[in-house]
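Remarks on the structure that follows.
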Amino acid sequence: MIKFYFTYNKERTAEWLDTMSREGYALKKAVGPFFSFVPCNPGEYEYQVDYAPLPPSAGRDYKETMEDLGVDVICKFGPWVYLRKEKDGAPFELYTDRESRIDHLENVAKFFKIMAIVEFVCVAMLVFAADRLNATWPWIFVAIGLVAAIAMAIRSAQASDEITSLQDFGVISKWSIRKRTKILIGMGSLFVVIKLLLGDVAPLLSDFFLGAGLGLMGIGLIFLGAGNHARD
Amino acid sequence: MTLKDIPLTETVFYILLALRSPKHGYAIIQDVEKLTQGRVVLGPGTLYGALKKLEQKKWIEVVSVDLESRKKKEYRITSAGRKAFEEERARLREALHNSELMEQQTHD
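Residue numbers (the numbering used here), protein chains in the order written: chain A, 116 to 347; chain B, 9 to 116.
Listed below in structure tokens is the structure:
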């Protein structure tokens, strides 16, 4: 059986896989948002998704250690490693101390930040291409890309805020990184929409809104990294 | 030894202590859980990351692995690891000793 499930939040993926296991389906393979399942005893396994970008960190050594601890490495897709453990009553948590949780979240935040910036650059180039093509369809790609970039930026900001809350006397200020990111990107999106509405009516003004909109979004993404990761 | 090695994190402290004798991953978790009466339970990701870092620092080492018998990989503490542990122990002793001042204060 193959199912489609999409989220940028791997904790949510793990929860969903737990639900599937309770219904009698065990994960066999994950390729992007597509998951294949085989039948299992209901509630046999519990799942976790780890972040391990480079082969050495999810290589033989990783696999050996996990297996020694009763954890099966099911498969790897991109930087994500899908892990399962037979349900034995004890909670299945990968990171149990503050230091390792912070390290892990930093990696996740960095990954989504880089992905968001790459996506954003692609979208920006696409916008100029679409503007010249004078057709509707390129704008659909722009919209999809923009949604993805924003979702990834917010995910990165979320992880950064979580890091802050874990750090010594961590208090998330009223202006959390997530909030700042949302506001800047939201304003940027609004400007781009204004540009689209203005269209050819006022070319100069519409160019201004496009530039300002992309600029704001860019600043929003760059500010992600300006969070208080001051460690070491 | 660098300045930021001490104090040790609780995870590192207990892994070093567990490796006073050679152990594989699962045995480390069990030993730490027993020593702390279930208070410290190391997650797989936490243990793996800590072992990698300690191995890089050469505070622990892999006891020769027998590949043919598919024996589990065992680790043990090195002399550098013991030195770090002793330094932490001295720090903890001092902290514990100083903490007794609190009693005097409250009795005044």
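Heads up, the beta-carbon is just placed ideally off N, CA and C, and yes, glycines get one too.
| Check | Outcome |
| --- | --- |
| Classify Gly314 (chain A) as buried or exposed, calling it buried when 16 or more other Cβ atoms lie within 10 Å of its own Cβ. | exposed |
| Mapping DSSP to helix, strand and coil, what is Glu102 (chain B)? | helix |
| Suppose you measure from the CA of Thr54 (chain B) to the CA of Val48 (chain B); what does that come to, to the nearest Å? | 12 Å |
| Spatial neighbours of Ala327 (chain A) within its chain, please: C-beta separation below 6 Å, excluding the five flanking residues on both sides. | Phe306 |
| Who does Ala141 (chain A) pair with in a DSSP beta bridge? | A:Val153 |
| Taking 9 Å as the cut-off, decide whether the C-beta atoms of Tyr83 (chain B) and Lys42 (chain B) are in contact. | no |
| Mind pulling the beta strand (DSSP E) runs of 3 or more residues that sit fully within the stretch 172 to 243 of chain A? | 186 to 192 and 195 to 201 |
| Buried or exposed: where does Asp276 (chain A) fall if 16 or more other Cβ atoms within 10 Å of its Cβ makes it buried? | buried |
| Which residues mark the beginning and the end of the alpha helix (DSSP H) in which Ile300 (chain A) is found? | Ile292 to Leu313 |
| How long is the line joining the alpha carbons of Met110 (chain B) and Glu102 (chain B), rounded to whole angstroms? | 14 Å |
| Using a 10 Å radius around the Cβ and a threshold of 16 neighbouring Cβ atoms, would you call Thr44 (chain B) buried or exposed? | exposed |
| With Ile14 (chain B) as the anchor, note down where its alpha helix (DSSP H) starts and where it stops. | Here Ile14 (chain B) belongs to no alpha helix (DSSP H), and DSSP marks it neither H nor E. |
| Residues bridged to Ile117 (chain A) by DSSP? | A:Ser151 |
| In angstroms with no decimal places, state the Cα-to-Cα distance between Leu241 (chain A) and Leu329 (chain A). | 12 Å |
| Who are the Cβ neighbours of Gly147 (chain A) in its own chain at under 6 Å, not counting the five residues just before and after it? | none |
| Counting only beta-carbon separations shorter than 9 Å, does Asp347 (chain A) have a partner in chain B? | Bear in mind that the predicted position of Asp347 (chain A) carries a pLDDT of just 31, short of 50, making it too unreliable to give a figure here. |
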